[in-house]
Structure formats: C-alpha cells, structure tokens
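Heads up, the thing below is written out as structure tokens.
Numbering (this note's numbering), first residue to last: 11 to 1002.
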C-alpha cells in the first residue's frame, strides 16, 4: 500500500479488523453486498499492489465461479468507485480504485487502513521493548489491540476472506500474548489475570497463554490455582492431542513448585536514557481493560444502548450501569466489549478490577482502592478505607475515566469504588441486581437469541462446518440453553477436534445426565460457574434451589413452589424471589418461576449428591397432594354432578379453589405441563408416590382429551405398570390399565384399548359397586361398539348403568343411556335406541351439566340420522357443537362436525355438508386424530360427489377407507361400497 500524503479531500478510512466498514469525512459508507465487500477486502489487504481479475474471481468464488463472474466483478468495482469517490465527475479517472493491466489496485494512505495502523503500532512496541521502554511498549500494544472491533472480516464470503480471517485472528492472539507478557514485566499481574482467563478459554491449546496465566496467578499469591492450570492443561493436551506439555509450560510448573525467587517480581529494566536525564515522568493514563474477544456476537441493541448511556456521562451525578445475570451469560464479555467501544470517550484512562464476588473470598474494597490509587500515581496509600476512598474521589474529580467493576458481590462492595462527581462512568457486573446504588442504570443480561447463539458457535467452529450441518448446530446451541459460556465451551471442544462432526457433539449433549460433564474444557466449565452462584446461597435458599427441580416442569406457580418446599406461600415467595435476585431462578410473570435449563440440570445433580431421597420424595408427595385436590376441584367445577373415581390416597390438601367452569378450564390449560411433569416424576419413584400419581392420571385423562400428549403419557403408564407389578399393588394396576385403555381409545388403538380395559375389570372385584368399575365397563362398551360388536357391548353398558344408579350418579346414567342407544341401534332396535337417547338428553338437561348434555345431544343426533330423521338430527348436532365449542373440547367438535355433515347431506344441504366436513377434517389434522380424519374424509367425499366433483370426492373416500381399514373399524365397509358404486377403477389396498 502506498505511503503518500492523504488527498486534501476526501478523507477516507477503512476497517477490516471487525466488520468491513469505511468512512468518508466521518460519514459511514454503504459498501453494498457481502460479495462487493469481499472485492474491497482483497484490494485493501494487497496494500496498493495490483490484483488480477482471475485472482479476484478465485478469491471470491473459489473453484465454483458463476458463469458471469467477470461481469459481476466489474459491477462490484464500478459500485465501489462510486461509493469511495462520490464527487468524482463523469469520465474523470478514478483516483483511488484504479484499473491496472488485467486487474485493479486500491491506492490509499497507509494510515487509512486499521490493519496497517495495527501492524505499525505492534512494530513500534517491539522497538520500544528492545530499547527497554516497557511501559511505552505496553501502551502501544494496548492501542493496537483496541483497533479490533470484533472478528476480522465479519460476514465477508469467499476463500480469500476465510484465509485472511484466520491469519488476522491468529495475529490478534499473538499480539495479545505479547501484551500480557509485557503487562507481567511491568508488574500488572493482577490486572491481566482476567484477560488471560478469557484468552485461554478461547484458545485452550495455546501453551504460552497458559504459561503466562500461571505466572500471573503465582504473582497474585494464588499458587494453588497456578498449579491447577498446569494440571488442567496437561490433561487437556493428553486427551485432545496425545502429547505432554512443551518445555515452556513444564519449566514454569517446575519453577513454581520450587518457589523460584525470580518469579516473584518482574525484572526491572534500566530506564531509557531520556528518562534518566529528565527524571521521573508522570505515570501514563491507566488502560487496564482486558482484551475484547475477537468473536463477540449478537446483543447489538444492548451494546448500542449501553454505549449511549456511558458516553453521555455528564450531568450532576456519576453514571453507574450495572449488568446482572446468571453465571456464564456473558456479562463480563459484554461489559469489556462496550468498554472498548467507548474508551476513546474517557481520555484519562480506564480502571478494571475483578471483584471475585461469586467466589469464596471477594475482593476487599480497601485493597482494590489501594491498587487503583497506585495506578493513578499514588506512591503511599492512606491506611483506612475511608481515607483511600476520599483520596480516590479527589483524584478523579477532575478526570474523565471509565471504571469497570467486574463480578461484584453486592452494592456495599462497589459503593466505595464509585467516584464522587460527574464526568466519570462506572460499569459493573454482578450475578445479583445492584439495586442498592441510587440512580444506577440496571440492565438484566439474558441468554442469547437462537440466531445470536448460532452466530457465536459459527464464529468459533467455522461457518462452513456449521453450514454443512445446520440442524445439528441448532441442536447444540439449544442444548447449551443459548448460554454464551456453554456455547463457547461446546464450540471450542468441537474446534479442537477436527474429526468430530457437529452431529457427534449434538449427540453427546443430548444426554441430559452427562450434559454438564460435556460442557467443560480445561479450567473452564459450566458446572463450576453455576457452582459459584450456588455457593453464595443461604442453607434455606440452597434447599429451595434443589427441591424446586425435583419436578421437571417448564415453570412453577407459587402454590406448587410452596407445596414442594413445605411452607406457606408467603415464605415460599420470599425464598423464590431471593433465588431470582441471585439469578439462580427466573420469573417472567408474577407468581411463576422457572429455571434456565442448565441450572435445572445443576440443581438435579445437587439432589443426587445430597442423597436425601426422603426429603425429595416428600416434596413430590406434597405437590401431588395439592395437584390431585385441585384437579378434583376442577372436575367438580366443570361437571358439578358427576361422580369422580374413588382415590387410593385421599388428598390432605384442600387444593386451589376453582369456582367457575371457565376458571377451571383455564387452570387446566395453564398447568397441563406441570401436571404431566409431576406424574412423570412420581411414577419413577417408590410406592408411596405411585398411588397419588395414578389417581391424578385418571381424573386428568377425563379432563384433558388431547391426543398430542399420547406418547408422553404412554411412557408414564409403562413405568407405572412396571412399578405397580413390582410393588404387588393390584388396585393401582387396575387404575393404570384403565388409563391405558382410555389413552388407546383416544389414539384410535381400539384393540389395545379393549385388552387394557378387560385387564382393569379383571383386577377389580366384580361385586364392588365403584365409580371406577362403572367407568371401565362403560369405556369397554364404547370400544366394542366401535368395533361393530353391539351384542357384546350392551351387557357392559348395562353393568355400568346399574352401578351408576346405585352410587347415585345421574350424569353417568345419562351418558350410559346415550351409549346404550348406539349399541341398540347396532342391533336393529331403532325405537328402543331413540327412547334411550331421548331419556339421556332429558336427564342431562335436568342436571344442567354442559359436557354431559353435549355428549348426549351428539348421541341423539347420530341415532336420529340412522333413524331417517336427518333434519332433527342436524339441530341436535348443532347444539352439541356449540356446547363443545364453549367447553373448548376440540376433538369432540371435530366428531360432531363430521356427523353434522352427514346429517346435512341427508337433508339435501350439500354445500353446508361439505363446509362442515372441511372444518372437521382440519380439526382432525390439528389434533392428530385418525378416526376424526376418517369420519371427516368420508363425509366430505360424499358431499363432493353430490356437488358433482367426483374426482376429488373419490380421493376423499379412498383416504377415509385407508384410515378406517388401518384402524380396523367397521366404517371401512360402507365407504368401500360407496367407492364401488362409482364404477371407477377398482379399490386399491390401503397403505400399510
């Protein structure tokens, strides 16, 4: 690149040490598409030397250029010329981006490119170091590294950019190593520990960084930690590369073990000649910020907002901004990144300290003040904290400085470190919200968005590797809970294992029991980071943190928290809010709490380590007691006169009061996940948890008819069946088989439902007149009716009806009469069926029970349709549909609309019939109900045939036939007859 005077106008400046950007007279330029930026990058990095057209094509597209590559290249160059020289007259030759033979060259002043300035500063630093001017060398390297505004060439495509990105990244780390070494040489060992921790986390296999970290820790009096770095590094090198540490690291280890006196203090070089002649110079402005990470990703809006707050640090008071969040969420990384972004606004320097607030020995503010005063040129510190704070405030009163207080324990720790007048700004990070600082700007730092997490993962692993397996990459960052520390560790592990695929890592992280073990690398581990926060909790808070994880629910309402902890709601809320304040728990709406996924895993691991199974089981039992009582309250609110099955364990809790039907349904919708998670936890446990869990499932199954939970409930039932058999509990086993039968019926496994319900009845005493036996007999009758076996079904309906009349259950009696009518209809007893179902509707209306009335009206509509009274049938089905809609019973809505379609068609209303069938089919698909889809497809096919749309109608009928044949239900036969009547191609066998 030519070294020549900058043209008087315009003044150009380019950035490649971060996103590729350009400015003209202080105004940022729009550089166009990523491909256009790639062309500019190649020209910039060739430093004024010509680049041939072929080299530009190869660098941009590699071995797969587009057919019009050269034409596209010329377009990019033309646009860049317009952007760089907007005032250039038409046909006047370009001054900067010029054509040279078969290619182009970009002639700009050396100081116009940040990379050239970076290398110039690094070279000056080397010269100063060789001359013994270590302080100046250190300052020059600090200035050079501050030029990095993120990952070099961010987002620029092409093989050339990929290679240069890697080269510049390597150069950045190399210079950072040199700066840390210089910092140690001039006694800044305490200031450099945090930066070295970050650098070793990003580059775990660079031994020189580990060596420098060991020396820095040793000089800070942290010998055990220094030796631990060596142990961790040696294990990492052996595990990853199969090699022992190199000579430098091994020598440092030996010297620390031997307490080599030469390690204690840095060698003090002879001062430069100028310094000897002129006497002591004023100390340089402190520049203690740790290095910014090269792959900072996301949080653009937050970075912008924080920068604006800090840069506007004027007015009457000091600007104090506090970042709070869980361990590993990236508070320090964000704070350092923002601090570097605004450092030019604080010309008098930047102070930094790690306050070790999450550790066992937080930093003493008096000691911190002593270090700060030393950095400000004070040679002899006052003795007391108050005197040091007063001197500190006096020195900063006339300066504009940025103070970064990292990892604070609480407000009291940082209060003495806040300057007294405006002009300075304080940026603090802490796991808890520092609400005790008046006027502080409090910011909660949350996990990255999925897109931001993926960008960070890509920046470390490599974009090509992630692009080859995008779904696996998303699975990895999701398993990391989008926590930056976890994503960084996972990515670093993958980056250091070139033979692993992204899918390999995703599979390892999929195992929740091992996930925390997988998320560690060297001396960096998610579990350790979370453990620091856990160690700060009081015994009561730690107990609460553990116990709330015994149920794997997405979130917990306050009554459930109180039940798990065995306290009243007021005390439970105090404990939960204390955990929220410590960022060990989250709350996004009043009275509801949840874990971050990785914190839940950590809490569950602490439960395993505590070994207190009895306390954990008691917590689950208390929760089941609350939920069972509340679900029974919900059932009574929804169907006030219905009989509930007798519980094996009578709840001791009164449960949550659910007075109205709407309130009960809303509670069930909101807490379905909690209810299922609680049963899930209980069925795996001892016998004392099994019975209330099964009691809960029975009632829940009748209230939440959602087949989408089918596989999850099936797994619970399989575990419950195994444990009930193991504990020799026939009463629990009878209930398990009953719920199994209900589930199988909902999911259209009618053969399995018949077997399960017969098992349930077989385990009950035939002479017992229980609600459970009536329910099992009724459900078995329904399954047999669906299988076109009405003669077998009728006795079970009669058995259930007799029990209902004994126990005084008019609601059950009404439903049974409706079900019996369907069996009677199947036996050709049409008049008897009409009488039975009419009595059923009358009984239901008298009870004022909405769900029961909807069910019996549905049965009446089906019977009347078969009795050649479609118009009346349609009226009853419409009323039934309205009731199901008000009850938000989607599956029953779907069934009713399919039956209504058939009735409307029989009444000659073909268009209305098709509309009802379409809506029914949509519901069947939504609820994943094959039987509903079959009914709807059959009704729609008939309606379309009547509307003179035979091709589409036959397609619907064939779909219905395939479904009914797969389910093994009798509806397949009449559909096959309809298809045959059309005299079209023969019926093909159903899909397997």
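Don't be surprised by glycine CBs; every beta carbon is placed ideally from N, CA and C.
DSSP three-state assignment for residue i, whether helix, strand or coil
| i | result |
| --- | --- |
| residue 566 | strand |
| residue 9 | Nothing in the structure corresponds to residue 9, since the chain is present only between 11 and 1002. |
| residue 23 | strand |
| residue 306 | coil |
| residue 985 | helix |
| residue 605 | coil |
| residue 556 | helix |
| residue 451 | strand |
| residue 29 | strand |
| residue 113 | strand |
| residue 61 | strand |
| residue 437 | strand |
| residue 289 | Bear in mind that the predicted position of residue 289 carries a pLDDT of just 46, short of 50, making it unreliable; the figure below should be weighed with that in mind. Correct three-state label for residue 289: coil. |
Contacts around residue i, its chain only, beta-carbon distance under 6 Å, and the 5 residues preceding and following it disregarded
| i | result |
| --- | --- |
| residue 668 | 643, 644, 647, 674, 677 |
| residue 733 | 700 |
| residue 629 | 557, 560, 574 |
| residue 926 | 907, 910, 911 |
| residue 868 | 890, 906 |
| residue 62 | 112, 113 |
Residue of the options minimising C-alpha distance to residue i
| i | options | result |
| --- | --- | --- |
| residue 352 | 731, 86, 955, 156 | 156 |
| residue 384 | 371, 171, 401, 41 | 401 |
| residue 64 | 75, 23, 725 | 75 |
| residue 485 | 969, 425, 464, 917 | 464 |
| residue 1079 | 664, 221, 333 | Outside the modelled stretch of the chain, which goes from 11 to 1002, sits residue 1079, for which no answer is possible. |
| residue 294 | 143, 367, 777, 230 | 143 |
| residue 471 | 443, 504, 451 | 504 |
| residue 615 | 570, 243, 541, 124 | 541 |
| residue 250 | 711, 230, 216 | 216 |
| residue 388 | 404, 924, 692, 535 | 404 |
Contact under 8 Å by Cβ, residue i with residue j
| i | j | result |
| --- | --- | --- |
| residue 255 | residue 166 | no |
| residue 331 | residue 319 | yes |
| residue 883 | residue 890 | no |
| residue 804 | residue 786 | no |
| residue 636 | residue 573 | yes |
| residue 871 | residue 913 | yes |
| residue 141 | residue 51 | no |
| residue 416 | residue 365 | yes |
| residue 580 | residue 554 | no |
| residue 933 | residue 963 | no |
| residue 398 | residue 379 | yes |
| residue 112 | residue 196 | no |
| residue 760 | residue 978 | yes |
| residue 119 | residue 26 | no |
| residue 206 | residue 305 | no |
| residue 87 | residue 55 | no |
| residue 115 | residue 23 | no |
| residue 866 | residue 823 | no |
| residue 520 | residue 489 | yes |
Sequence-distant residues of the same chain with beta carbon closer than 7 Å to residue i, five excluded per side
| i | result |
| --- | --- |
| residue 185 | 132, 151, 154, 155 |
| residue 1088 | Beyond the ends of the chain as shown, which are 11 and 1002, falls residue 1088; an answer cannot be given. |
| residue 127 | 121, 157 |
| residue 696 | 627 |
Chain B contact for residue i (CB, 8 Å cutoff)
| i | result |
| --- | --- |
| residue 641 | Absence of chain B from the displayed structure is noted, only one protein chain being present. |
Contacts around residue i, its chain only, beta-carbon distance under 8 Å, and the 5 residues preceding and following it disregarded
| i | result |
| --- | --- |
| residue 774 | 744, 780, 782, 783, 786 |
| residue 287 | Because residue 287 sits at a pLDDT of 45, beneath the cut-off of 50, its placement in the model cannot be relied upon, and the following sentence gives the value as read from the coordinates. Nothing meets the Cβ criterion. |
| residue 566 | 558, 574, 602, 603, 604, 684 |
| residue 992 | 955, 960, 964 |
| residue 795 | 803, 829, 832, 833, 836 |
| residue 336 | 441, 493, 540, 543, 593, 594, 606, 609 |
Taking one C-beta from the region 445-459 and one from the region 298-318 each time, how about it: are there three or more such pairs within less than 8 Å? yes
Assess, as a yes-or-no matter, whether the region 500-515 is touched by the region 464-477 under the definition of 3 or more beta carbon pairs within less than 8 Å. yes
For the structure I just gave you, are there three or more beta carbon pairs, one from the region 50-70 and one from the region 78-93, closer than 8 Å? yes
Check whether the region 898-913 touches the region 940-954, taking contact to mean three or more Cβ pairs, one atom from each stretch, closer than 8 Å. yes
Is there contact between the region 648-667 and the region 521-531, where contact requires at least three CB pairs shorter than 8 Å? no
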